[in-house]
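Enquirer: Dumping the structure here so I can ask a few things about it.
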Amino acid sequence: MAKRKFTAEDKLKIIKEASEQGVTKTLAKYDVYPATYYSWRRKLKEQGEDAFSKGVTAKQLKELRHLEKENRQLKELVAEKELLIRALKEARSKKS
Numbered sequence: 301m302a303k304r305k306f307t308a309e310d311k312l313k314i315i316k317e318a319s320e321q322g323v324t325k326t327l328a329k330y331d332v333y334p335a336t337y338y339s340w341r342r343k344l345k346e347q348g349e350d351a352f353s354k355g356v357t358a359k360q361l362k363e364l365r366h367l368e369k370e371n372r373q374l375k376e377l378v379a380e381k382e383l384l385i386r387a388l389k390e391a392r393s394k395k396s
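Sequential numbering from 301 applies to the sequence shown in this note's numbering.
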């Protein structure tokens, strides 16, 4: 069996139709595996409609998630340092 290719418009149409008319019925109509459908839906939720046209690979998505996690950690570190600086300034002003 040859692998079917769905355009970005097809994917969006199938997701919309499944939400309106039911997943099982829609997937049977278009002969789409449930895992494929749920993957498309997750991608749409996480990245928006552009995800289908840009062709983000799994490797790129993994790297993006890693960078987002690192960014969160760095923001927390900066916030902690900012709190420490404020506490030290307050302690110094109380001594004066």
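Every residue, glycine too, gets a C-beta built ideally from N, C-alpha and C.
If you're wondering where the values come from, they're calculated on a predicted model, not measured in any experiment.
(1) Rounded to whole angstroms, what is the Cα-Cα separation between residue 372 and residue 329?
(2) Rounding to the nearest angstrom, what Cα-Cα distance links residue 343 and residue 322 in this structure?
(3) What residue range does the alpha helix (DSSP H) around residue 345 cover?
(4) Under the rule that 16 or more other beta-carbon atoms within 10 Å means buried, what is residue 315, buried or exposed?
(5) Within 10 angstroms of its Cβ, does residue 391 collect 16 or more other Cβ (buried), or is it exposed?
Expert: Reading off the structure:
(1) 42 Å
(2) 19 Å
(3) That run of the alpha helix (DSSP H) goes 334–347.
(4) buried
(5) exposed
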